[in-house]
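Note sheet for the following structure.
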Amino acid sequence: MNVHFAIKTARQQSGLSLRELARRAKTSHSTLAAYESGIKIPKIETLERIIGAAGFAIDIHLEKRMRHHGSSTGTKGEELEQVLALAQQFPARPNRHLDAPIFGRTP
Numbered sequence: 001m002n003v004h005f006a007i008k009t010a011r012q013q014s015g016l017s018l019r020e021l022a023r024r025a026k027t028s029h030s031t032l033a034a035y036e037s038g039i040k041i042p043k044i045e046t047l048e049r050i051i052g053a054a055g056f057a058i059d060i061h062l063e064k065r066m067r068h069h070g071s072s073t074g075t076k077g078e079e080l081e082q083v084l085a086l087a088q089q090f091p092a093r094p095n096r097h098l099d100a101p102i103f104g105r106t107p
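For what it's worth, the UniProt record's numbering labels the leading residue of the sequence shown as 1, then goes sequentially.
Take a look at the structure:
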């Protein structure tokens, strides 16, 4: 999630100025500007307060990711299943041999 993008989008869609949103969220406009520019990252509680002050709510979705190499959780079989499922999303390779007639030759 791009926190700075979420804050700026919520502020713009709410029609609030930077100073007004900062006032409603009980923070300074300079801190809010730093959050919007990505210079600072707010704690989740602060983010919820800012987004709430703009009239929005945060909705977080979790997605399971493949484990990194060297992870001690899970089995190699589970990892292989995940890799095979991912591979099915890509097209198969085309045949490298071109089956086309060669003109000008007699068999």
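The beta carbon of each residue, even a glycine, is placed where N, CA and C say it ideally should be.
Cβ pair residue i, residue j closer than 8 Å
i, j, result
"I50", "L16", "no"
"K43", "A34", "no"
"L47", "V3", "yes"
"R24", "A53", "yes"
N- and C-terminal bounds of the alpha helix (DSSP H) containing residue i
i, result
"E63", "It is not in any alpha helix (DSSP H) - E63 carries neither H nor E in the DSSP assignment."
"residue 136", "Lying outside 1 to 107, the shown extent of the chain, residue 136 is not represented and no answer is given."
"R11", "3-14"
"G104", "No alpha helix (DSSP H) holds G104; DSSP gives it neither H nor E."
"G77", "76-87"
Nearest-angstrom beta carbon gap, residue j and residue i [assumed within contact, 8 Å]
i, j, result
"F56", "A100", "With 8 Å as the limit, F56 and A100 do not qualify as a contact, their Cβ atoms being about 59 Å apart."
"I7", "E36", "5 Å"
For residue i, three-class secondary structure by DSSP
i, result
"K27", "Looking at the sequence provided, one finds Thr at residue 27 rather than Lys. Here T27 sits in coil by DSSP."
"S37", "helix"
"A22", "helix"
Exposure of residue i, with buried meaning 16 or more beta-carbon neighbours within 10 Å
i, result
"L32", "buried"
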